[in-house]
Structures are given as structure tokens and as C-alpha cells.
Amino acid sequence: MNGDASSAHHHGRAKEVSWLRTFLTQAALCFFLFAAFKIGEPQIEVPLSTAPDLGSVRSLGPSTDFYFLSVAGGSRPIESQSRLLNQMEMIAKVYKPKFVLNIAQVGEEGPLWYNATLYPELLKMPWYTTTVSKGRGIGNFMKKIELPYEQVLAIIGIDTGPFQNFLQNELNNTDFKEQMNWLRQTLAITTADWRIVVGFNPLVICNKQNNKEATKLQGILQDIFLRYRVNAYLSTNECSSCFYSDRGISYIETPKPTDKLHNGFLLHGVNPLDIKTYLVDSEGRIELKYSFTQQGRGPI
């Protein structure tokens, strides 16, 4: 009888050891499978000291920031363009931007927008595209976007073709005068908390010492911007530094395809107090570059 009891005892321990070994084996397999999947996922490098605090955003639920992207249109080498669009799609998956500003010369006919149609995440949001025409301002647009905290963002896209003609012939430029009238009238009826004017051509250029210089056109437009409480003018870049402020107006320049130093695009985060702009390079690194607050409401 004792033999039977001893045999049963050893049999029970054998079953226990066998069950434990099976459990540990399955747990190890699950761990290695999980690790393999994580290694295969694309990673976005977000320096904690400069980028939005994504961890707190996720822990608190929906972010108070309203994000959008801006990128310079134009031709790029195939590899550079693919890398840029890949980074834009990865950023879009994380920050959920609501639209893209495509700051281009040829509108939607440009290669960037054409190739962006191959990236599903980038097609989930509208693209607002600037144009540089040779005649009248045919590429103007105005978009009003309601923000989640009872504010409104106005994006005023302006065709800068007449601007170029004005600099060449200041005395006889009907297209430029009509363009200025359109801009004044549009801003006058805009009841938005934030006003951003977007155009392809920068209003600030660099001299031989690479120092910023305002153009004559910038002086003319700045009077309009101040009168109608424009917060920022967004364009492509002319200088190595992409951010400039003058009398409370912010001039933000999106890197052009030829700018190898700042190869990338901009991520903008809007909240009730300010708008922050982050430079995202072709490797996915995010760096806080600029922040500005509201100018006020309505014309002076």
C-alpha cells in the first residue's frame, strides 16, 4: 500500500513538473514573438526634451493640440522624396494631423502630391496647395478650420505670382493691385482667432553674409498683416534659418527640396494659447523650433 502511495506521489510531481515546463516554454515563445514584432515595427525618434510629450498626451486621452503639416512641393530625387513621404506618413500616424499645406509653385500638378497618393495615411486628410501663376492670382484660397476648443483657424493661401511681377515692374502692375485688394477684403471679413497667410515666395531674404533682410514687398504686406491681425506668414525658405519675427508677425519658412541642411517638413501644433512649430528631418527627428501667440482679434 505504501508502494502505491509513493508511486502516486511521484506521478503527481512528474505531472506538476511537466505542466510547469510547458507553461515556461509557452511563455518564452510568446515573449520572443512579441519582441520580433516590435523589432519589425517602424520607429520614430522623438527627443523628449524638445518634442511634444506624447506619453502624457496618450495617458490624458485626446491632446489639446490641433496638428497640421506643411511641406514644400517641388522635385526631389526619388530616394529623398520616398524618405520624406515615409516620415510624413509615420508622423501622421502618431500625431493625427488634420490637413497638409503643400507650399508649391505648380499646385496639385507637382510630383510631391502625385506621389503622396501612394501613401494611404496621407490621403486621410485634405491637402491645401499654393500656386504661383504668371498672371492674375488664380491660386488664392481661404479655409476656416474649427478647433476643438471653440476657436477658429483661418488659412489664407495667396498666389505669389503677382508679387514676382511687382518686383520687376512696380509702376504698372494691375495684377498686384488686385491681389492686394483680394487679401485685404478676405482678411477684413475673416472672423478667426488665428490667421495664417500662406504663399510660395518668402518675404525675407539673405544677404551675402547670410543675414536676414526684409524685402520691399515684406514692408507692404506687413502693414496689411498688422492691420488685420495676421499671426504668421508661411512660405518656402530663402535663408539657412527658417524662422523670423518682425513687429509681432512670425515668418515661418518650410525647407525647400534644395535645402540639404533642413531636409524635411514642419509639424504645427495649435492650442488656445500658442502655435508651436517643429522641424521634422528626413530621419524622423523632431525638434521644437518656434512658438508664437495670438495678436488679437479683428482689424485695428
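The sequence shown begins at 1 in the working numbering and counts up one residue at a time.
Glycine included, each C-beta is placed from N, C-alpha and C at the ideal position.
Sequence-distant residues of its chain with Cβ nearer than 7 Å to residue i (five each side left out)
{"i": "P202", "result": "S235, T236, N237, E238, E253"}
{"i": "R83", "result": "S282"}
{"i": "T186", "result": "M142, I156"}
{"i": "N115", "result": "Q81, L85"}
{"i": "S133", "result": "G139, D159, G161"}
{"i": "D274", "result": "S291, F292, T293"}
{"i": "D259", "result": "N237"}
{"i": "E146", "result": "V152"}
{"i": "P42", "result": "Residue confidence for P42 is low, a pLDDT of 34 falling below 50, so the modelled location carries little weight; the figure read from the coordinates is stated next. Excluding sequence neighbours, P42 sits near M90."}
{"i": "A36", "result": "Any reading at A36 must be qualified, since the residue scores a pLDDT of 39, below 50, and its modelled position is unreliable; no value is offered."}
CA-to-CA distance, residue j to residue i, given in whole angstroms
{"i": "D65", "j": "K276", "result": "9 Å"}
{"i": "D194", "j": "D281", "result": "According to the sequence provided, residue 194 is Trp. The question's Asp does not apply to it. In a straight line, the C-alpha of W194 is about 26 Å away from that of D281."}
{"i": "L122", "j": "P272", "result": "26 Å"}
{"i": "L221", "j": "T160", "result": "12 Å"}
{"i": "V270", "j": "T131", "result": "25 Å"}
{"i": "S291", "j": "F225", "result": "18 Å"}
{"i": "N140", "j": "P77", "result": "29 Å"}
{"i": "P120", "j": "K216", "result": "42 Å"}
{"i": "Q294", "j": "E79", "result": "39 Å"}
{"i": "P148", "j": "E109", "result": "32 Å"}
{"i": "E178", "j": "F163", "result": "11 Å"}
{"i": "V197", "j": "A104", "result": "14 Å"}
{"i": "A188", "j": "N181", "result": "10 Å"}
{"i": "F265", "j": "V71", "result": "5 Å"}
{"i": "T129", "j": "K96", "result": "19 Å"}
{"i": "P257", "j": "N263", "result": "7 Å"}
{"i": "L267", "j": "E150", "result": "22 Å"}
{"i": "L118", "j": "V94", "result": "19 Å"}
{"i": "P255", "j": "N102", "result": "12 Å"}
{"i": "C306", "j": "W127", "result": "There is simply no residue 306 to check, as the chain begins at 1 and stops at 300 in what is shown."}
{"i": "V106", "j": "R184", "result": "24 Å"}
Close Cβ partners of residue i (< 6 Å) along its chain, the five nearest in sequence each way excluded
{"i": "F166", "result": "N173, F176"}
Assumed close pair residue i, residue j - CB separation to whole angstroms, cut-off 8 Å
{"i": "V303", "j": "A192", "result": "As shown, the chain starts at 1 and ends at 300. That puts residue 303 outside it, with no answer to give."}
Cβ neighbours of residue i in the same chain (closer than 8 Å, five flanking residues each side left out)
{"i": "T190", "result": "M142, K144, A154, I156, Y228"}
Near the ligand GTP: residue i beta-carbon under 8 Å from a heavy atom
{"i": "L217", "result": "Among the components of this structure there are no ligands whatsoever, and the ligand GTP is therefore not found."}
Best match in the options for proximity to residue i [C-alpha to C-alpha]
{"i": "G74", "options": "P111, V100, P97", "result": "P111"}
{"i": "A125", "options": "K256, Y67, F200, G264", "result": "One point to set straight first is that residue 125 is Met, not Ala, in the sequence displayed. Measuring from the Cα of M125, the nearest candidate turns out to be Y67."}
{"i": "D223", "options": "V204, R247, F200", "result": "R247"}
{"i": "K98", "options": "E89, Q105, K289, E109", "result": "E89"}
{"i": "I91", "options": "I196, L69, K256, Q179", "result": "L69"}
{"i": "Y233", "options": "R184, P255, F200, F265", "result": "F200"}
{"i": "V100", "options": "P257, W113, E150", "result": "W113"}
{"i": "I249", "options": "L118, G219, W127, V106", "result": "G219"}
Fully enclosed by the region 60-109, which beta strand (DSSP E) runs are 3 residues long or longer? 66-72, 100-103
Report the start-end ranges of each beta strand (DSSP E) in the region 211-235 that is 3 residues or longer and not cut off at the edges. 212-214
If you scan the region 106-181 from start to end, which runs of the alpha helix (DSSP H) of 4 or more residues do you find wholly inside it? 111-116, 120-123, 161-168
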